[in-house]
Every structure is written in C-alpha cells, then in structure tokens.
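Student:
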Amino acid sequence: MDHRIADLAQRLLGKSSQALDEEERRVLLGIQDGTTVSRDAADVSDERSTFGERLSDRVAAIGGSWGFITFFTLVLFGWMLLNSDVLAHFGKAFDPYPYIFLNLMLSTLAAVQAPIIMMSQNRQSAKDRVAASLDYETNLRAELDILRLHHKLDAEVIERLSRLEAKIDGLASAAAKG
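Pasting the structure below:
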C-alpha cells in the first residue's frame, strides 16, 4: 500500500511520500482506493467540538439575534417603567433612577457575553480553516483526476495515431507494389 502511495505521490505530485502533508496523503489514499475525499466541513467541525464550544455558539447565536435585541429592549423599558412610575408611585421602587442595579446587571451580562461571543468567533475561525482544508483536498483530488484523465487520453491518442500510421504505411506500401 505504501509503495503505491509513494508511486502516486511521485508521479502525480512530484514529491516523495514522506513530504506529503495530511491532506495530500488522504487524497492519494482516496485515489488508490477509488473513494471520494469530499466531506462536509460542518460535520467535521462538529465531531471535534466540545460541549462548551457548542454552548458558546448557541449563546452567540441567541445574543446576536433580533429576537434577543427586541426582548432585551422590552425588559429594559419594563424595568425603567416599573421602577420610575409603577413602584415609585407607591414608594416601593427597588432600583430608582439612575438605575444603578440595572447598570450592574448590564455590565455583568456584557462581561460574561463578550468572552462567550469571542469563543464562538474563534470556533468559527477554526471551522473556516477546516473548510479551507477540505476545499484544498477536493480541489487537489479534482486536479489530479483531470491530470490522470489527460495522461490517459494522451496515451489513447498516441496509440490510435500509431495504428493509423501503421495502416497508412501498409496502404502506401500496397499501393507502391500494386
């Protein structure tokens, strides 16, 4: 098996099998086995993700949605209305203007949410790198398959031309004799 990979590496890529990177080796194994190399980047990335990474993706998806912004805006206005008008009317406002407790909660939310969003962005960068690697594998496989087909067609054309030359030579010699 390694001999065949080494032969393919030398013939198709012009390098030794020791100089192959992981993607090139996977492509050559696919060529040798006659299997496909294309894989879904999301599936590959999800296989490698931890619970915390998936959670950060979900938190970032919710925190970056219009639904969250709308809900949060309603909560803020409700908080202000409740403490400035409704409860203040009865002298029971627990966070009167300038809403110091609300500011503390918003600061805490921002302090927690920002690193979670950054973790999600880092994970997205990792997904993009996986996708680029898989694209490279697919493109390399397509390029090598086209190159192999090109060589095969060249050999076929040369063989047919040789047969035609032989026929022409045979006809020419028969015409010269006859």
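Per my numbering, the very first residue in the sequence shown carries number -4; after that it's consecutive. Backbone N, C-alpha and C fix where the C-beta goes; we use that ideal spot for every residue, glycine too.
(1) For residue 57, count the other beta carbons within 10 Å of its own beta carbon; 16 or more makes it buried, fewer makes it exposed. Which is it?
(2) Can you grab the Cα-Cα spacing for the pair residue 105 / residue 119, in whole Å?
(3) One question on the structure: do residue 128 and residue 18 come within less than 7 Å of each other, judged by their Cβ atoms?
(4) Per DSSP, what kind of secondary structure is residue 156 in: helix, strand or coil?
(5) The alpha helix (DSSP H) with residue 27 in it runs from where to where?
(6) Are the beta-carbon atoms of residue 52 and residue 115 separated by less than 7 Å?
(7) I'd like the span of the alpha helix (DSSP H) that includes residue 54, first residue to last.
(8) How is residue 93 classed by DSSP in three states: helix, strand or coil?
(9) Taking its Cβ as the centre, do 16 or more other Cβ atoms sit within 10 Å of residue 43, making it buried, or is it exposed?
(10) Tell me whether residue 35 sits in a helix, a strand or coil according to DSSP, three-state version.
(11) According to DSSP, is residue 88 part of a helix, a strand, or is it coil?
(12) Could you give the distance in angstroms between the alpha-carbon of residue 10 and the alpha-carbon of residue 24?
(13) Would you call the CB atoms of residue 7 and residue 139 closer than 7 Å?
(14) Determine the direct distance from the alpha carbon of residue 112 to that of residue 149, and round the result to whole angstroms.
Tutor: Working from what's here:
(1) Mapped onto the sequence shown, residue 57 falls at position 62. Flag for residue 57 reads exposed.
(2) Your numbering for residue 105 matches position 110 in the sequence shown. Your numbering for residue 119 matches position 124 in the sequence shown. Rounded to the nearest angstrom, the two C-alpha atoms are 21 Å apart.
(3) Within the sequence shown, residue 128 is the residue found at index 133, counting from 1. Within the sequence shown, residue 18 is the residue found at index 23, counting from 1. Yes, the Cβ-Cβ distance between residue 128 and residue 18 is below 7 Å.
(4) Start at 1 with the first residue of the sequence shown, and residue 156 comes out as number 161. Looking at residue 156 - three-state DSSP - the assignment turns out to be helix.
(5) Indexing the sequence shown from 1 puts residue 27 at position 32. It spans 17 to 28 - the alpha helix (DSSP H) in which residue 27 sits, taken as one unbroken run.
(6) The residue given as residue 52 occupies position 57 in the sequence shown. The residue given as residue 115 occupies position 120 in the sequence shown. Cβ distance < 7 Å, so residue 52 and residue 115 count as in contact.
(7) Residue mapping note: residue 54 aligns to position 59 of the sequence shown, counting from 1. Run containing residue 54: 46 to 58, per the alpha helix (DSSP H) assignment.
(8) Position 98 of the sequence shown, counting from 1, holds the residue named residue 93. Residue state for residue 93 is assigned as coil, using DSSP reduced to three classes.
(9) Reading the sequence shown from its first residue, position 48 is the one you call residue 43. By the neighbour-count rule (16 or more Cβ atoms within 10 Å), residue 43 is not buried but exposed.
(10) Translated into positions along the sequence shown, residue 35 becomes position 40. Three-state DSSP puts residue 35 in coil, outside helix and strand.
(11) Against the sequence shown, residue 88 aligns to sequence position 93. Note: residue 88 maps to coil in three-state DSSP.
(12) To locate residue 10, count along the sequence shown from 1; it is residue 15. To locate residue 24, count along the sequence shown from 1; it is residue 29. So the alpha carbons of these two residues sit roughly 15 Å apart.
(13) Taking the first residue of the sequence shown as 1, we reach residue 7 at position 12. Taking the first residue of the sequence shown as 1, we reach residue 139 at position 144. A contact, by the Cβ cut-off of 7 Å.
(14) As a working mapping, residue 149 is identified with position 154 in the sequence shown. As a working mapping, residue 112 is identified with position 117 in the sequence shown. If I take the Cα positions, the gap works out to 55 Å.
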